[in-house]
Amino acid sequence: MTTPSDDGSGPEVLPVPVRVVLPADPVLRQPQQEVVARLWRRRQTESGWVYLVGLPSYRDREDGGVEAAEYRVWVRAPEHVRPVDGVDYDQVVTEHLKPPQQSVVGEVLGKRRPSGWVLQKLGDGGGPAGGVLHAPDCEEAQQSVPLLDLEDALDVAESPATRLCTLCGCAQELTPILRGFDHGADSSSADS
1 MTTPSDDGSG PEVLPVPVRV VLPADPVLRQ PQQEVVARLW RRRQTESGWV
51 YLVGLPSYRD REDGGVEAAE YRVWVRAPEH VRPVDGVDYD QVVTEHLKPP
101 QQSVVGEVLG KRRPSGWVLQ KLGDGGGPAG GVLHAPDCEE AQQSVPLLDL
151 EDALDVAESP ATRLCTLCGC AQELTPILRG FDHGADSSSA DS
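Under our numbering, the sequence shown has 170 at position 170, and the numbering climbs by one with no breaks.
If you want it as structure tokens, here you go:
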């Protein structure tokens, strides 16, 4: 009773009954209908679940006769399928969405920290305003404060009252930009 639409892939499992919701036909003035079909497999996709169902059909034989057949099609769940009472769907071949593969760069570098910087203000406002600049995921950084982009972080970092956190790498990231990439290099060769 199956047609050549059977792809033959995967383990041979008997299908189970499922109700398939057929679309309404306004031209023929037919309301939406449900038919019992056979559920062959389920697949999880980025946009939800789809079910491979076999709908009852007919096909022409070479001798001019007609025989029962099955038309297989993927339909969206739950919009176009309904369970049949008392049927166990645990045996249906189910393909779950595979987690996205991490790139080689991601594997080597690991998880990246969030972009931006956070200013932790110090003092009670009585003297010159000082602060410490942190990466947003630094355990010393204040939560729920606005993130500074690179330009704003550099403006804040230029103030003598601002320190750059060494725990989270803020100092290592911003110091070369503030003072030039040669800052901290061995300058003894320049003196000779």
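Cβ coordinates follow ideal geometry from the N, Cα and C atoms, glycine included. All values reported here derive from a predicted model rather than from experimental measurement.
Can you tell me whether DSSP reads residue i as helix, strand or coil?
i           : result
residue 132 : strand
residue 179 : helix
residue 16  : strand
residue 27  : coil
Quick one: Cα of residue i to Cα of residue j, how far?
i           : j           : result
residue 117 : residue 100 : 29 Å
residue 136 : residue 175 : 17 Å
residue 216 : residue 133 : Nothing can be reported for residue 216, as the shown portion of the chain is limited to 1 through 192.
residue 33  : residue 91  : 26 Å
residue 59  : residue 113 : 60 Å
residue 142 : residue 108 : 29 Å
residue 74  : residue 115 : 42 Å
residue 121 : residue 111 : 28 Å
residue 173 : residue 164 : 10 Å
residue 169 : residue 50  : 47 Å
So, for residue i: in the same chain, excluding its five sequence neighbours on each side, which residues have a beta-carbon less than 6 Å away from its beta-carbon?
i          : result
residue 13 : 93
residue 61 : 67
So, for residue i: in the same chain, excluding its five sequence neighbours on each side, which residues have a beta-carbon less than 7 Å away from its beta-carbon?
i          : result
residue 15 : 38, 39, 40, 54
residue 24 : 30, 31, 32
Among the residues of its own chain, which have a CB less than 8 Å from the CB of residue i, if the five just before and after it don't count?
i           : result
residue 88  : 16
residue 158 : 178
Beta strand (DSSP E) runs contained entirely in the region 59 to 95, provided each spans 3 or more residues: 66 to 77, 93 to 95
Just to confirm the assignment: which complete beta strand (DSSP E) runs, minimum length 3, are found wholly within the region 136 to 173? 162 to 164
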